[in-house]
Amino acid sequence: MSQPSINLHGAVDLSALARPPQSPSAPAGDATEAPVVVDVTEATFQQTVELSMRVPVVVEVSAAYAGGPSAVLDKVVTDLGGRVQLARVDVETSPQIAQAFQVQAVPTVVAIVRGQPVPLYQGDYPEEQLRAVIDELLRVAAQAGVTGTVSGSGAEEEPAAPEEPPLPPLHAEALDAIEREDYPAAADAYRRALKENPADHEASAALAQVELIIRTASSGGLQAITDAEGVAPTDVAAHLAAADAEIAAGRPQAAFDRLIAVVRATAGEDREEARKRIVEYFEIVGNADPAVADARRNLASALY
Numbered sequence: 002m003s004q005p006s007i008n009l010h011g012a013v014d015l016s017a018l019a020r021p022p023q024s025p026s027a028p029a030g031d032a033t034e035a036p037v038v039v040d041v042t043e044a045t046f047q048q049t050v051e052l053s054m055r056v057p058v059v060v061e062v063s064a065a066y067a068g069g070p071s072a073v074l075d076k077v078v079t080d081l082g083g084r085v086q087l088a089r090v091d092v093e094t095s096p097q098i099a100q101a102f103q104v105q106a107v108p109t110v111v112a113i114v115r116g117q118p119v120p121l122y123q124g125d126y127p128e129e130q131l132r133a134v135i136d137e138l139l140r141v142a143a144q145a146g147v148t149g150t151v152s153g154s155g156a157e158e159e160p161a162a163p164e165e166p167p168l169p170p171l172h173a174e175a176l177d178a179i180e181r182e183d184y185p186a187a188a189d190a191y192r193r194a195l196k197e198n199p200a201d202h203e204a205s206a207a208l209a210q211v212e213l214i215i216r217t218a219s220s221g222g223l224q225a226i227t228d229a230e231g232v233a234p235t236d237v238a239a240h241l242a243a244a245d246a247e248i249a250a251g252r253p254q255a256a257f258d259r260l261i262a263v264v265r266a267t268a269g270e271d272r273e274e275a276r277k278r279i280v281e282y283f284e285i286v287g288n289a290d291p292a293v294a295d296a297r298r299n300l301a302s303a304l305y
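In structure tokens, the structure reads:
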């Protein structure tokens with residue numbers, strides 16, 4: 002892949018996006034408080050053009066469907082310690098910028114020096130060739146008197162994640178038990194948490210999961226599904242074991258269908274046991290799974 006020829010007379014007209022840059026208020030060689038790597042939109046592009054009067058700006062036009070911004074380019078620019086700013090543009094959210102640079106494919110990388118576009122390359126470049134391209138850009142920028150730097154102090158920092166509140170004591174006790182694989186002790190802690198607060202949905206869901214682990218450890222695992230083949234739905238124990246195995250294997254729809262068939266075919270305590278197990282599965286699988294909404298409707302129909 003040949004290295005592109007760099008000049009200060011690109012064919013791109015930036016006037017559709019930015020006013021003519023103002024004369025810089027600081028000398029072109031001074032440090033500017035700005036991030037080394039920044040995401041640019043049509044609303045902020047004017048600032049990028051104005052910064053190019055003092056610092057060479059590399060503009061990377063990319064798209065998520067094509068792999069997004071280049072980690073290699075990010076590394077090469079960051080290694081320069083602020084001698085170049087990398088302005089990243091998403092072609093899908095800022096199409097006018099891509100149009101102004103006459104972008105035909107992504108990724109496309111151009112530069113701006115003193116408000117003038119400098120075509121660089123298209124596609125993905127290996128690190129060694131990228132460094133050669135940026136070195137040439139710096140040489141050309143220096144000839145144009147653009148030798149400033151960005152300090153990085155204006156970098157956009159992601160907001161700090163909110164500190165998680167401490168776990169309630171019984172939840173912490175349960176997690177400690179889970180870490181040492183003492184599942185009966187974990188179940189006991191969650192039951193005590195529910196006794197203190199029956200509305201503790203986290204404890205309820207966790208208890209259902211722990212009890213599932215305890216049951217499947219002694220039920221033969223996936224073999225329980227095979228053992229239940231051809232067995233009448235009135236054999237509640239066989240189908241409960243098989244449904245546990247299906248839930249543990251990530252097959253909630255099969256487990257729901259199996260136990261709803263048991264509910265339809267049984268009465269009294271057997272029916273109630275199957276119903277309660279389905280409700281436990283709702284806690285384990287979670288309401289976001291579409292299988293849960295279907296199972297709720299089917300269970301109501303089977304019961305009433």
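Quick note: the sequence shown uses our numbering, first residue 2, plus one each step.
Glycine is no exception: its CB is placed at the ideal position from the N, C-alpha and C atoms.
Interface flag, residue i vs chain D, CB-CB below 8 Å
i: Gly-82; result: No chain D is part of this structure, which consists of one protein chain only.
Exposure label - residue i; buried when at least 16 CB within 10 Å
i: Ser-71; result: buried
i: Pro-108; result: buried
i: His-202; result: exposed
i: Tyr-66; result: exposed
i: Leu-304; result: exposed
i: Asp-245; result: buried
i: Arg-298; result: exposed
i: Gly-149; result: buried
i: Glu-157; result: Note that Glu-157 scores 49 on pLDDT, short of 50, meaning its location in the model is unreliable; the coordinates nonetheless yield the value given after this. Exposed, since its Cβ has fewer than 16 Cβ neighbours within 10 Å.
i: Leu-176; result: exposed
i: Glu-93; result: exposed
i: Ser-95; result: buried
i: Thr-33; result: buried
i: Arg-259; result: buried
i: Arg-278; result: buried
i: Glu-128; result: exposed
i: Pro-166; result: exposed
i: Gly-287; result: exposed
i: Glu-247; result: buried
i: Ala-204; result: buried
i: Arg-84; result: buried
i: Ala-190; result: buried
i: Ala-275; result: buried
i: Ala-209; result: buried
Endpoints, alpha helix (DSSP H) assigned at residue i
i: Thr-79; result: 72-80
i: Gln-47; result: 46-52
i: Leu-138; result: 128-144
i: Asp-228; result: 224-228
i: Ala-101; result: 96-101
i: Leu-208; result: 202-218
i: Ala-292; result: 291-304
i: Asp-271; result: 269-286
i: Tyr-191; result: 184-197
i: Val-264; result: 253-266
i: Asp-177; result: 170-180
i: Ala-249; result: 237-249
Nearest neighbour of residue i, chosen from the options [CA to CA]
i: Ile-285; options: Ala-268, Gln-254, Leu-304; result: Gln-254
i: Gln-123; options: Gly-146, Ile-98, Ser-63; result: Ser-63
i: Leu-87; options: Val-37, Pro-199, Lys-196; result: Val-37
i: Val-111; options: Pro-291, Thr-94, Gly-287, Val-90; result: Val-90
i: Asp-80; options: Ala-178, Leu-168, Gly-153; result: Gly-153
i: Ala-106; options: Gly-269, Pro-127, Gly-68; result: Gly-68
i: Arg-252; options: Asp-236, Val-293, Phe-102; result: Val-293
i: Leu-168; options: Ile-248, Ala-194, Ala-289; result: Ala-194
i: Ser-302; options: Thr-217, Ile-261, Glu-270; result: Ile-261
i: Val-280; options: Asp-290, Leu-300, Gln-224; result: Leu-300
i: Ala-218; options: Ile-113, Ala-242, Ala-204, Pro-291; result: Ala-242
i: Gly-116; options: Met-54, Arg-181, Ala-173; result: Met-54
i: Leu-306; options: Leu-208, Pro-234, His-240, Val-60; result: This structure does not reach residue 306, given that the chain is present from 2 up to 305, and the question cannot be answered.
i: Gln-1; options: Ala-190, Val-78, Glu-43; result: Absent from the structure is residue 1, since the part of the chain shown begins at 2 and ends at 305.
i: Tyr-126; options: Val-77, Gly-269, Val-141, Arg-140; result: Val-77
i: Thr-235; options: Val-119, Arg-265, Gln-100, Ala-296; result: Arg-265
i: Ala-173; options: Ala-207, Gln-144, Pro-199, Val-141; result: Ala-207
i: Leu-171; options: Glu-197, Arg-181, Glu-182; result: Glu-197
i: Ala-143; options: Val-104, Val-58, Asp-295; result: Val-58
Range covered by the beta strand (DSSP E) that runs through residue i
i: Arg-89; result: 86-91
i: Leu-121; result: 117-123
i: Glu-61; result: 58-63
i: Ala-112; result: 109-114
i: Val-41; result: 38-41
Beta-carbon separation (whole angstroms), residue i vs residue j, contact threshold 8 Å
i: Leu-74; j: Leu-131; result: 6 Å
i: Val-50; j: Val-147; result: Contact doesn't hold; Cβ gap of about 13 Å is too wide.
i: Thr-267; j: Val-237; result: 6 Å
i: Tyr-184; j: Val-151; result: Actually they do not touch by this definition, with Cβ atoms about 55 Å apart.
i: Ala-256; j: Leu-213; result: Ala-256 to Leu-213, Cβ: 10 Å. No contact.
i: Val-60; j: Ile-113; result: 6 Å
i: Ile-215; j: Ala-188; result: 7 Å
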